[in-house]
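**Q** Listed in order, the protein sequences are those of chains A and B. Per our numbering: the first sequence = residues 16 to 261. Per our numbering: the second sequence = residues 591 to 877.
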Amino acid sequence: MSCIELNNVTTIYEGEEFPTIRNIDLKIDKGEFVCVMGPNGAGKTTLLESVNGLLDHTNGDVTVLGKDVEKRGTDVRKEIGYLLQSFTFSTEDPFLVEDVVMMGRAGRIGLIKSPGEEDWEKVYDCMDLVGIAEFAKKPIGKLSGGEQQKVLLARVLAKEPEILLLDEPFSDLDLKAKEELQELIEQIFERRGLTTLMVTHDLGSVPRVSSKIVLMNGGEIVLEGNPQEVIESQTWKSVYGFSLGG
Amino acid sequence: MIPLPTGLVLRVIIGAVLAGFTCSMMGTFVVQMDISSIGFSMAHAAFAGAALGLLLSVEPLLTAVGFAVLVAILLGPVSEKARLSPGVITGVSFSVTMALGFIFINLHPGPAETGAALSILWGSVFALTWHDLILLFLLSIGIVIIIGLFKKEFMAIIFDRKMAKASGISTRPFYFTILFLTGLTVAFSLKFVGGLLVYALIVNTAASANQYTYDIKEVFILSPIIGVICTLLGVWISLQFGFPVGTSIVIVTAVVFVFSVVFSKKRKKGKGLLDISGRSGEYGNRK
Chain A
16 MSCIELNNVT TIYEGEEFPT IRNIDLKIDK GEFVCVMGPN GAGKTTLLES VNGLLDHTNG
76 DVTVLGKDVE KRGTDVRKEI GYLLQSFTFS TEDPFLVEDV VMMGRAGRIG LIKSPGEEDW
136 EKVYDCMDLV GIAEFAKKPI GKLSGGEQQK VLLARVLAKE PEILLLDEPF SDLDLKAKEE
196 LQELIEQIFE RRGLTTLMVT HDLGSVPRVS SKIVLMNGGE IVLEGNPQEV IESQTWKSVY
256 GFSLGG
Chain B
591 MIPLPTGLVL RVIIGAVLAG FTCSMMGTFV VQMDISSIGF SMAHAAFAGA ALGLLLSVEP
651 LLTAVGFAVL VAILLGPVSE KARLSPGVIT GVSFSVTMAL GFIFINLHPG PAETGAALSI
711 LWGSVFALTW HDLILLFLLS IGIVIIIGLF KKEFMAIIFD RKMAKASGIS TRPFYFTILF
771 LTGLTVAFSL KFVGGLLVYA LIVNTAASAN QYTYDIKEVF ILSPIIGVIC TLLGVWISLQ
831 FGFPVGTSIV IVTAVVFVFS VVFSKKRKKG KGLLDISGRS GEYGNRK
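#1: Can you check which of these residues, A/L69, A/N38, A/N55 and A/G156, is closest to B/R751 by C-alpha distance?
#2: Would you say B/A606 reaches chain A, if we count a Cβ-Cβ gap shorter than 7 Å as a contact?
#3: CA-CA distance, B/L711 and B/A717?
#4: Could you tell me the boundaries of the alpha helix (DSSP H) in which B/T596 lies?
#5: With distance defined between alpha-carbon atoms, name the residue in A/Q243, A/F185 and A/Y255 nearest to A/M231.
#6: What does the alpha-carbon distance come out to for the pair B/P667 and A/E205?
#7: What are the residues in the segment 797 to 808 of chain B lying within 7 Å of chain A by C-beta distance?
#8: Going by the CB atoms, is the gap between A/M118 and B/A746 shorter than 7 Å?
#9: DSSP state of A/P154, grouped into three classes?
#10: Taking the alpha-carbon positions, what's the B/S850 to B/T843 distance?
#11: With a cut-off of 8 Å on the beta carbons, I'd call A/I36 and A/L63 a contact; round off their distance for me.
#12: What separation, rounded to the nearest whole angstrom, lies between the Cα atoms of B/G597 and B/A606?
#13: Would a check of beta-carbon distances place A/C18 closer than 7 Å to chain B?
#14: Is it the case that the Cβ atoms of B/N794 and B/F847 are separated by a distance below 7 Å?
#15: Which residues bound the alpha helix (DSSP H) around A/K137?
#16: Whose CA, out of B/L729, B/I816, B/T803 and B/G681, lies closest to the CA of B/A635?
#17: Just confirm the distance between the C-beta atoms of A/G58 and A/G234, as a whole number of angstroms; I'd bet it's less than 8 Å.
#18: Strictly under 7 Å for the Cβ-Cβ distance: is A/E107 near chain B by that measure?
#19: Find out if the Cβ-Cβ distance for the pair B/S813, B/I827 is shorter than 7 Å.
#20: For A/R92, decide whether its Cβ has a neighbour in chain B, counting only Cβ atoms nearer than 7 Å.
#21: Hey, quick one: how far does the beta strand (DSSP E) through A/Y97 stretch, first residue to last?
#22: Determine whether the Cβ of A/T89 lies closer than 7 Å to any Cβ atom of chain B.
#23: Using 7 Å as the limit for Cβ to Cβ distance, is A/P34 near chain B?
#24: What first and last residue would you give for the alpha helix (DSSP H) that runs through A/I124?
#25: With distances taken Cα to Cα, identify the nearest neighbour of A/S186 among A/N23, A/V24, A/N55 and A/E20.
#26: Spatial neighbours of B/F770 within its chain, please: CB distance less than 7 Å, with the 5 preceding and 5 following residues excluded, ordered by chain position.
#27: Give the C-beta separation of A/A121 and B/E743 to the nearest angstrom, bearing in mind that I take them to be a contact with Cβ-Cβ under 8 Å.
#28: My understanding is that A/G161 touches A/L188, with C-beta atoms under 8 Å, so please give their C-beta distance in whole angstroms.
#29: DSSP on B/N794, reduced to helix/strand/coil?
#30: Assign B/N800 to one of three DSSP states: helix, strand, or coil.
#31: Roughly how many whole angstroms lie between the Cα atoms of B/S854 and A/F48?
#32: For chain A, check one thing: does any of its Cβ atoms lie closer than 7 Å to the Cβ of B/A636?
#33: Is A/I36 helix, strand or coil by DSSP?
#34: Going by DSSP in three states, A/N241 sits in which element: helix, strand or coil?
#35: Can you tell me where the alpha helix (DSSP H) holding B/C820 begins and where it ends?
#36: Is A/R170 buried or exposed, if buried means 16 or more other CB atoms sit within 10 Å of its CB?
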């Protein structure tokens with residue numbers, strides 16, 4: 016059984032005439048690492064947000080871990096760690112790193128209950144994992160862009176998700192920070208085996224652990240397959256204007 | 591200084607403490623979530639409601655609460671659903687409620703009623719009754735209990751609503767609770783601080799508290815303390831010099847805000863900043 020399944024999904028934003036994604040059929044098995052690629056405006060982020068129900072789809076069915084996202088969105092989101100695209104913080108923001116990471120567990124802890132010792136241990140384990148434990152009591156706005164992104168990744172992991180959705184995790188990062196984060200994401204995948212769907216438009220940031228690339232253009236999936244096949248295909252060439260194949 | 595009976599002075603002091611506490615507590619949400627325009631509209635809606643209450647000889651607090659809550663209900667879903675910026679929506683709502691408020695005041699039959707209506711604009715130390723204070727006290731307790739029970743959900747929503755939703759929190763009820771409580775706070779503090787100025791008490795104190803710490807939990811503690819000090823000082827100035835209480839409180843909050851910005855450790859270069867941003871091991875693991 017697929018971990019994530021989209022059947023004929025179309026999403027039209029309120030007030031828009033044309034769908035941002037249309038007739039999407041996609042199946043992702045448990046433990047797969049899938050990259051969603053495509054040019055700007057291809058509908059990659061819309062696809063991710065249709066998966067976790069942050070965005071209501073107009074037609075079709077989205078099923079995650081056997082649950083209908085339309086009906087049980089909040090339950091589904093408790094099992095999904097979603098790293099949003101391009102987040103920056105003001106240097107004045109009054110939020111300490113450890114509190115930001117703990118916020119990721121809020122949905123899992125449940126209403127009214129306060130975080131216990133075990134929750135704090137999980138939070139510190141995640142901060143250790145991504146290498147930000149030393150910043151635990153610092154304000155998030157005082158960290159570099161790469162460190163902030165790691166804090167948000169720790170926050171996502173702190174909820175102990177079964178699925179990771181990563182939306183352009185390397186955008187706005189310098190080369191060093193990008194390489195560090197890329198390595199970290201690969202390590203997390205290898206250690207925890209989380210089903211991962213990562214949006215990127217940069218071929219250089221496709222992790223070697225990716226089992227599949229889903230290529231989108233104009234709101235549709237135009238090709239999916241193993242990374243090598245996709246980037247050497249004629250479809251890739253027609254979308255991006257170049258091919259890495261012979 | 592105007593000589594006042596002890597009972598009235600007591601009422602004024604209790605009113606100042608409660609209004610300062612509730613306004614600055616809700617102000618922390620308003621400032622951190624950047625929803626000042628929504629709360630601003632609520633303040634003016636409450637003013638229009640109170641003016642209508644006086645015109646119809648109905649308890650002004652009731653109509654003020656009704657108007658403020660109505661605007662909270664309208665603005666919550668509208669600002670979420672409409673593809674207009676909240677600034678535009680609240681701009682329209684602000685102007686309409688102000689216009690209604692002045693129409694209601696203009697329709698008052700005599701100078702006595704008009705004077706009472708105008709006191710809603712500027713606030714009055716004489717307007718608060720024990721009944722108002724009990725309601726304000728119950729609201730304060732309610733706010734503390736609600737924030738205490740759902741602390742982690744509110745923190746996550748203040749940080750970022752979309753991220754909070756993605757974390758599995760049903761953000762909508764909490765967001766609407768914040769709007770609803772802000773509406774009640776504005777309406778209950780209206781008689782004391784005044785419809786035109788109550789919002790400054792909400793924003794200025796929370797914005798001042800924000801200058802002193804990088805920890806949101808401390809902002810929630812500091813903000814009410816600053817709020818209570820400001821309202822008590824404002825009341826003292828009002829009684830000492832015969833100024834309207836609302837204007838006195840707002841001037842004090844503005845001075846405190848300017849002072850806080852000037853002396854904020856967030857704007858200082860040198861040791862204060864290095865202590866925060868340094869990479870030393872002073873931030874040891876909790877484990």
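All C-beta atoms in this analysis are idealised placements derived from N, C-alpha and C, irrespective of residue type, glycine included. Computed from a predicted structure; not experimentally measured.
**A** Based on what the coordinates show:
#1: A/L69
#2: no
#3: 12 Å
#4: T596 to Q622
#5: A/Y255
#6: 43 Å
#7: N800, T803, Y804, D805 and I806
#8: yes
#9: strand
#10: 10 Å
#11: Going by Cβ atoms, the distance from A/I36 to A/L63 rounds to 10 Å, so no, they are not a contact pair.
#12: 14 Å
#13: no
#14: yes
#15: E132 to V145
#16: B/G681
#17: 4 Å
#18: yes
#19: no
#20: yes
#21: I95 to L98
#22: yes
#23: no
#24: A121 to I124
#25: A/N55
#26: V659 and A662
#27: 6 Å
#28: 5 Å
#29: helix
#30: coil
#31: 47 Å
#32: no
#33: strand
#34: coil
#35: I806 to F831
#36: buried
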